[in-house]
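Under the numbering used here, think of the first position of the sequence shown as 5, with each following residue one higher.
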Amino acid sequence: MATNYSKILGMQTNELVRRGSEPIQLGTYHMVKNTDFEPQRTNNFEFQISGLQNLIMVGGKKVPANISELITLSVASYSAPTLSISPIDINYANNLIHFAGKPSFQSSNLTINDYIGLDVERLLMAWMNTVYNPETQEIGNAVDYKKVAYLIEYDPQGRTARQWQLNGCFPTSISLGSFDQSGNSVRTLTMDITFDNAIPLARNK
């Protein structure tokens, strides 16, 4: 007897994709005077890392108390969280069926503009040194290097549109960029940030 997947999954006929019907819209008039279709702009965001105020820079100097703010203001770009689910496959007779397995989040890439006055390079290295210290060759403890970060998306008026909370963040690589005698651009630093999970926070009304 053939399996009725619609019945098993509790799907109703009116919930299925419409076939042979007219398109919902033929143009963009439905967007006129409708703020629901205001697009999210890629430059309206902030990336904030909390819990960095006790880091120590090269030479034993403590980082500025507003280090999180300084790094946020230096961000050039950030790649948003990517979630993937590893499927579990079960074979039976002539078929193969898939079930959801373990979730995992890919590392995100953070690009920072290097401002000399802020000593951005040394601020990032202070965090990196809590993971691995090249001078002592010691690996740090997770309680010291794992932080909580936030990706905040804003609307065109600067109001919070969406927020993500990234738990267990720590740097797994850092690239100090390159120099070029014929260059005419801002030096940027890139850091790969690994995290345990990303949680969407409730939207502020």
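The beta carbon of each residue, even a glycine, is placed where N, CA and C say it ideally should be.
query                                                                                                                                                                                : result
Do Leu193 and Asp118 count as a contact pair if the criterion is CB distance below 8 Å?                                                                                              : yes
Count the other CB atoms within 10 Å of the CB of Met35; is the residue buried (16 or more) or exposed (fewer)?                                                                      : exposed
Hey, would you say Cys173 sits closer than 8 Å to Val190, going by beta carbons?                                                                                                     : no
Which residue spans inside the region 33 to 110 form an unbroken alpha helix (DSSP H) run of at least 4?                                                                             : 71 to 78
To which residues does DSSP link Glu4 through a beta bridge?                                                                                                                         : What the structure shows of the chain is the stretch from 5 to 209, and residue 4 is not part of that stretch, so it cannot be assessed.
Can you grab the Cα-Cα spacing for the pair Gly121 / Ser90, in whole Å?                                                                                                              : 45 Å
Might you give, ordered along the chain, the residues of its own chain that have their beta carbon closer than 6 Å to the beta carbon of Thr115, omitting 5 neighbours on each side? : Ala80, Ser81, Thr192 and Thr194
To the nearest whole angstrom, what separates the beta carbons of Ser88 and Gln52, a pair I think is in contact under 8 Å?                                                           : About 25 Å; that fails the 8 Å criterion.
Let's test the definition: count the other Cβ atoms within 10 Å of the Cβ of Asn98 and tell me whether it reaches 16, buried, or not, exposed.                                       : exposed
To which residues does DSSP link Asp192 through a beta bridge?                                                                                                                       : It should be pointed out that residue 192 corresponds to Thr in this sequence rather than to Asp. Per DSSP, Asn117.
DSSP state of Leu127, grouped into three classes?                                                                                                                                    : helix
In chain order, which continuous runs of the alpha helix (DSSP H) of length 4 or greater are located wholly inside the region 146 to 186?                                            : 146 to 149
Is there contact here, the region 179 to 186 with the region 60 to 74, by at least three beta-carbon pairs under 8 Å?                                                                : no
In the DSSP assignment, find the beta strand (DSSP E) that holds Ala202 and state where it starts and stops.                                                                         : Asn201 to Leu205
Name the one or two DSSP bridge partners that Ile197 has.                                                                                                                            : Ser112 and Pro175
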